[in-house]
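**Student:** There's a structure below that I have some questions on.
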Amino acid sequence: MKNAAKEKPALLIIDMVKDNMDSEHPLPITPFATRIIAPINQLIRMFRGQDWPVVFSTDAFYEQDFIFSGRMKPHSLAGSRGAEIADGLDYRPEIDIWLP
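In this text, residue positions in the sequence shown follow the numbering used here: the first is 5, and each later residue adds one.
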């Protein structure tokens, strides 16, 4: 069993990518995603204040992925800016972890 004294919580921020926030080409999630940026930033400040890790996890798709075989248009494509961490989030690459 791990030593609980050495363990600490981490903040996981998942799938908050630029294409989910694009008001010019909104997805069904866009209005909800944009509303939670400020609360996420509050949590980020709280975790950093405790010296706890902040981890951003994003995913990316390929145009031929099954998810785009229906009505959903391609977004968050691998290697594109749309698959990067959303603007407005207090991401600091020098101290945060990004798992693309």
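A virtual CB, placed ideally from N, CA and C, is assigned to each residue, including glycine.
All values derive from a computational prediction rather than experimental measurement.
Taking Ile41 as the reference, give the member of Pro104, Leu93, Asp100, Glu98 with the closest Cα.
**Tutor:** Leu93
**Student:** Are the stretch 80 to 100 and the stretch 9 to 25 touching by the rule of at least three beta carbon pairs closer than 8 Å?
**Tutor:** yes
**Student:** Ile18 and Ser61 look like a contact to me (Cβ under 8 Å); what is the Cβ gap, rounded to whole Å?
**Tutor:** 5 Å
**Student:** Verify whether the separation of the beta carbon atoms of Val59 and Ile101 is less than 8 Å.
**Tutor:** In this structure, Ile101 lies closer than 8 Å to Val59 by Cβ.
**Student:** Does the Cβ-Cβ distance between Leu16 and Ile48 come in under 8 Å?
**Tutor:** no
**Student:** Looking at the secondary structure, which residues open and close the alpha helix (DSSP H) in which Phe36 lies?
**Tutor:** 34 to 39
**Student:** Mind reading off the beta-carbon distance from Ser80 to Phe65? Whole number of angstroms is fine, and I expect it under 8 Å.
**Tutor:** 6 Å
**Student:** Ala90 and Met20 - do their beta-carbons sit closer together than 8 Å?
**Tutor:** Yes, these two residues count as a Cβ contact at 8 Å.
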